[in-house]
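Worksheet: the structure to be examined is printed underneath.
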Amino acid sequence: MAKMEVKTSLLDNMIGVGDMVLLEPLNEETVINNLKKRFDHNEIYTYIGSVVISVNPYRSLPIYSPEKVEDYRNRNFYELSPHIFALSDEAYRSLRDQDKDQCILITGESGAGKTEASKLVMSYVAAVCGKGAEVNQVKEQLLQSNPVLEAFGNAKTVRNDNSSRFGKYMDIEFDFKGDPLGGVISNYLLEKSRVVKQPRGERNFHVFYQLLSGASEELLNKLKLERDFSRYNYLSLDSAKVNGVDDAANFRTVRNAMQIVGFMDHEVESVLEVVAAVLKLGNIEFKPESRVNGLDESKIKDKNELKEICELTGIDQSVLERAFSFRTVEAKQEKVSTTLNVAQAYYARDALAKNLYSRLFSWLVNRINESIKAQTKVRKKVMGVLDIYGFEIFEDNSFEQFIINYCNEKLQQIFIELTLKEEQEEYIREDIEWTHIEYFNNAIICDLIENNTNGILAMLDEECLRPGTVTDETFLEKLNQVCATHQHFESRMSKCSRFLNDTSLPHSCFRIQHYAGKVLYQVEGFVDKNNDLLYRDLSQAMWKAGHALIKSLFPEGNPAKINLKRPPTAGSQFKASVATLMKNLQTKNPNYIRCIKPNDKKAAHIFNEGLVCHQVRYLGLLENVRVRRAGYAFRQAYEPCLERYKMLCKQTWPHWKGPARAGVEVLFNELEIPVEEYSFGRSKIFIRNPRTLFKLEDLRKQRLEDLATLIQKIYRGWKCRTHFLLMRKSQIVIAAWYRRYAQQKRYQQIKSSTLVIQSYIRGWKARKILRELKHQKRCEEAATTIAAYWHGTQVRREYRKFFRANAGKKIYEFTLQRIVQKYFLEMKNKVPSLSPIDKNWPSRPYLFLDSTHKELKRIFHLWRCKKYRDQFTDQQKLIYEEKLEASELFKDKKALYPSSVGQPFQGPYLEINKNPKYKKLKDAIEEKIIIAEVVNKINRANGKSTSRIFLLTNNNLLLADQKSGQIKSEVPLVDVTKVSMSSQNDGFFAVHLKEGSEAASKGDFLFSSDHLIEMATKLYRTTLSQTRQKLNIEISDEFLVQFRQDKVCVKFIQGNQKNGSVPTCKRKNNRLLEVAVP
48 MAKMEVKTSL LDNMIGVGDM VLLEPLNEET VINNLKKRFD HNEIYTYIGS VVISVNPYRS
108 LPIYSPEKVE DYRNRNFYEL SPHIFALSDE AYRSLRDQDK DQCILITGES GAGKTEASKL
168 VMSYVAAVCG KGAEVNQVKE QLLQSNPVLE AFGNAKTVRN DNSSRFGKYM DIEFDFKGDP
228 LGGVISNYLL EKSRVVKQPR GERNFHVFYQ LLSGASEELL NKLKLERDFS RYNYLSLDSA
288 KVNGVDDAAN FRTVRNAMQI VGFMDHEVES VLEVVAAVLK LGNIEFKPES RVNGLDESKI
348 KDKNELKEIC ELTGIDQSVL ERAFSFRTVE AKQEKVSTTL NVAQAYYARD ALAKNLYSRL
408 FSWLVNRINE SIKAQTKVRK KVMGVLDIYG FEIFEDNSFE QFIINYCNEK LQQIFIELTL
468 KEEQEEYIRE DIEWTHIEYF NNAIICDLIE NNTNGILAML DEECLRPGTV TDETFLEKLN
528 QVCATHQHFE SRMSKCSRFL NDTSLPHSCF RIQHYAGKVL YQVEGFVDKN NDLLYRDLSQ
588 AMWKAGHALI KSLFPEGNPA KINLKRPPTA GSQFKASVAT LMKNLQTKNP NYIRCIKPND
648 KKAAHIFNEG LVCHQVRYLG LLENVRVRRA GYAFRQAYEP CLERYKMLCK QTWPHWKGPA
708 RAGVEVLFNE LEIPVEEYSF GRSKIFIRNP RTLFKLEDLR KQRLEDLATL IQKIYRGWKC
768 RTHFLLMRKS QIVIAAWYRR YAQQKRYQQI KSSTLVIQSY IRGWKARKIL RELKHQKRCE
828 EAATTIAAYW HGTQVRREYR KFFRANAGKK IYEFTLQRIV QKYFLEMKNK VPSLSPIDKN
888 WPSRPYLFLD STHKELKRIF HLWRCKKYRD QFTDQQKLIY EEKLEASELF KDKKALYPSS
948 VGQPFQGPYL EINKNPKYKK LKDAIEEKII IAEVVNKINR ANGKSTSRIF LLTNNNLLLA
1008 DQKSGQIKSE VPLVDVTKVS MSSQNDGFFA VHLKEGSEAA SKGDFLFSSD HLIEMATKLY
1068 RTTLSQTRQK LNIEISDEFL VQFRQDKVCV KFIQGNQKNG SVPTCKRKNN RLLEVAVP
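Have a look at this one:
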């Protein structure tokens, strides 16, 4: 995609005309051609004064980056090329700096990009306002409300894959610094008929497809739903899947957005249950059944769907079934119950589904408002964003199009009024004479629709409330009687004779001439849609639901609050909402965004002139331009005007030192522009005709070319002079450096030659001295050698007689010395590894060295053991001391000992300090815990085992309950006299207590543990440390224990147990307890 050209002014490098107020000539064809030309060059935004025209490009453009946000931040509206950011910045700065409440009105037909435009406005405001954790949270909640409302209020239509099927107005509240505090959302006219029926090629609301596609199997089962779309009658199948739309991912996005906005988990669950109930309502089908009295009634075909709905909503099945089959009418003190035929039952079902969904949507809006509302009560500034349906003209137009077009008539009325008011205020502010502007006032059309006496809405309400037979035809007859003479109302059956033979006007229709053109309305369905009737029996059934959310949606169902007054009609409710909206907009400064759809194919690079022409007409763009340029087409502050055109006059170029207005006056006088073509305001110059502005632009363009030529000429001369001076300076520098180089090179040659000559001379001298020294040394060595030989001869002569007597002894000692020396040198190379367990040792070479060989082996082993011990930490030393102690106590005595050697002694196997279950036990023990292990305590009476926590501290032995952690027994170590165990491969051991001690009241303890060796060793060492006495460890296959008053013999025998390798214990009699060891 080509990079968009950066422009620094609205008038720079214009493609077409950036502001259509300057369009010349002005007609429908030039407006469309200008929009097309800009669209073809990726310029999708165009101004009409302060109004932004946005053409949907149906593709991503690189014009919304953070860099673009910074470009338009705090810039004048006309300073840069047209952009939605410019309007957003203008509105935000007016709100922040001038304390003016703002509203941004976004209109256009479905698919024109209204929703995207509102998102861009909100994202821009979020980007330029303040920062901070609290402010960021508010901004995030405001932005994340969009995905939630889009899921429940948007749907795929033939014109738009994400069409808003409701009108939305959001008031964003700011503090005095311009930081967002919160917001309030209002919704208008949700298209709830889409819940039960969709036109061909369109879908139901997004949330149904997102739920079925993105929910987990567990959630679907909980909601009693299936993933197959075809299982539900309310979902159209011909367009269930939309290209480029991932419903599953969107469902996760919606869930996340609801969490950010502030929905609780149970609220999200309740909302999804209501959505599931609406889906399943469409699967309820009815069959006719005749009663005895001859009346037809309806029965539900398959009650399984009804049962599941009742389980979801908590409604009694019989209550809901009766509500679908009977209707109760109350009048004063009388109640009349009538049966519903199949058609009426289906109507009741669909009415319930529509009401349930529309009320859920209203509840969602209110719930979002609770989360995003401003928490502070300080005075707030408000910016409103209105995203509402545009003017609609379809082949078949019904009640929905009628009230949508009524809303657009009101918006057009306020637009014209506020635009004229803004123009008039600026003229008065600038002290420019105001001239009356002729324009079409559509108040007469608004009065035709909303007049309280004879307006169309009033007559529709009157017809709905009238007793007797009421049909769409009777409503049309009434319109023909009352509105026949109105100049904007047309009907074939009216008294006006000019429409009697108009074949383009069917008998069952009426036509209204709106400001955007004539619209033909099918009268069929007006009465039913205006009534929007929900039977009281269904309301009461919903109020009886056990589901809290559904019950809150139907307050009128409360029997204690029965209101026999007929609820307001849909038309009157919408009329009141529009009146409130208009009143709200009147209090704010308006900003307009008109959205245009370039084609019906939702494709990029296609501009359908016929479709755009249709939208230009009903958006009233031509009328808008005429109103804007009725006085002066262009206005600009003096400073930027002088800055832009000062090069056209010698007196103002290059710098004007006086006031900007005086400079503009001098400039216009110098250019001889007719006085009637412009006027001077207080702070702005007003230009009447666009031709004058274009003339200024042409002169400026020519002058800029001349100035560019002059600048180029001066630049080229300066560049050539600079290049010459640089070359001259370079030549001097090069010559100087070359001369220096030549002298240095000559000096180096002389120096190197001198060094060679010197080196040869020094070499010759050194060799001469060396020859002399060698001759002198040989003479001295010869004299020394002769003297040595002479002295040797004399000594040998003197001692020859003694040598023969001691020769054998000397030779023996010398030989022995050489053998020992050779032995030690060989041992040095044959020394084994430093591992204490390495038993290798070289063999002795001679028998007489046997004792020396053994002693050397012992010393080496002791030395390497010491080296190995020196590597231990204090903790490792303690562990090996315990292992050594265990070896001394149990090696070759207890069959279980060999298997314990490789197991490290851990002590506290139960991490009592980390386990919250044993917090109470931890708090009760203040001493250091040496052992914490689960053991089996043998019952003294029957030999059965019970799990206990065995705890050993510095002074005590404790037993605690494994489940509760409660201490059962506490024995001081001074009361422990002996520990007994068998010699076999079992974990049984007895702890003998001192007779007469308090702990010995029930007798000795008999335990079974998987860590017997470790427990006995630690108990032995701890007792020795505290009492300075060795604990007696008895290892025998038979030993006596004291159980209360009895002496019982514990006997270990060999046996095959059913439990495999697990020893078993059994009490034989009062004096014998047998332990069978495998």
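Heads up, the sequence shown is in the working numbering, so the first residue is 48 and it goes up one at a time.
By construction, the Cβ of each residue, glycine as well, lies at the ideal position given by its N, Cα and C atoms.
Quick caveat: nothing in here was measured; it's all calculated off a predicted structure.
- Out of 345, 633, 693, the CA that lies nearest to the CA of residue 371 is found in 345.
- Ranked by Cα distance from residue 292, the options 310, 208, 251 are led by 208.
- Per DSSP, the continuous beta strand (DSSP E) segment holding residue 1004 begins and ends at 1003-1008.
- As the crow flies, the alpha-carbon of residue 658 is around 28 Å from that of residue 239.
- For residue 1075, there is no enclosing alpha helix (DSSP H), since its DSSP letter is neither H nor E.
- When the five nearest sequence neighbours on each side are left out, the beta carbons in the same chain lying within less than 7 Å of the beta carbon of residue 307 are those of 187, 188, 191, in order along the chain.
- Annotated three-state conformation of residue 495 is helix, per DSSP.
- Here residue 717 has 696 as same chain residues with Cβ atoms under 6 Å from its own Cβ, once five neighbours each way along the sequence are excluded.
- From the listed residues 473, 353, 257, the smallest Cα separation to residue 682 is found for 473.
- In this structure, residue 328 and residue 396 form a Cβ contact; the two beta carbons are roughly 6 Å apart against a cut-off of 8 Å.
- The residues 892, 896, in chain order, have a CB closer than 7 Å to that of residue 870 in the same chain once the five nearest residues on each side in sequence are set aside.
- In the three-state reduction of the DSSP assignment, residue 725 falls in the strand class.
- The alpha-carbon of residue 663 is positioned some 14 Å away from that of residue 103.
- As DSSP reads the structure, residue 1114 sits in a beta bridge with 1120.
- Within the same chain, and ignoring the five residues on either side of residue 940 in sequence, the residues whose Cβ sits closer than 8 Å to its Cβ are 1030, 1082.
- Counting only runs of at least 3 residues, the segment 507-572 fully encloses the following beta strand (DSSP E) elements, listed from N- to C-terminal order: 536-538, 556-561, 564-569.
- Apart from sequence neighbours up to five positions away, the residues of its chain that approach residue 237 with a beta-carbon distance below 6 Å are 213, 405, 408, ordered along the chain.
- Relative to the Cα of residue 256, the nearest Cα in the group 75, 233, 281 belongs to 281.
- Taking a C-beta distance under 8 Å as the contact criterion, residue 167 and residue 740 do not qualify as a contact pair.
- C-alpha of residue 654 to C-alpha of residue 159: approximately 13 Å in a straight line.
- Here residue 458 has 152, 154 as same chain residues with Cβ atoms under 7 Å from its own Cβ, once five neighbours each way along the sequence are excluded.
- Under the three-state reduction of DSSP output, residue 258 falls in the helix class.
- The segment 589-599 and the segment 317-336 touch, with no fewer than 3 CB-CB distances between them shorter than 8 Å.
- Per DSSP, the continuous beta strand (DSSP E) segment holding residue 217 begins and ends at 214-221.
- Annotation for residue 1011: no alpha helix (DSSP H) segment contains it, and DSSP assigns it neither H nor E.
- Note that the C-beta distance between residue 990 and residue 1112 is below 8 Å.
- Per DSSP, residue 1035 is one residue of the beta strand (DSSP E) stretching across 1035-1040.
- Per DSSP, residue 335 is one residue of the beta strand (DSSP E) stretching across 333-337.
- When rounded, the separation of the alpha-carbon atoms in residue 927 and residue 880 is 22 Å.
- By the criterion of at least three beta-carbon pairs nearer than 8 Å, the segment 901-912 is not in contact with the segment 992-1009.
- Beyond the five residues adjoining it in sequence on each side, residue 729 comes within less than 8 Å, by CB distance, of 476, 477, 478 in the same chain, given in chain order.
- Going by C-alpha positions, residue 820 is about 21 Å away from residue 806.
- Around the beta carbon of residue 1038, 16 or more other beta carbons sit within 10 angstroms, so the residue counts as buried.
- The straight-line gap separating the alpha-carbon atoms of residue 229 and residue 464 is approximately 30 Å.
- Within the same chain, Cβ atoms closer than 7 Å to the Cβ of residue 444 are found at 566, 567, 568, 569, the five residues on either side in sequence being excluded.
- Excluding its 5 nearest sequence neighbours in each direction, residue 571 has C-beta neighbours in its own chain below 6 Å: 519, listed in chain order.
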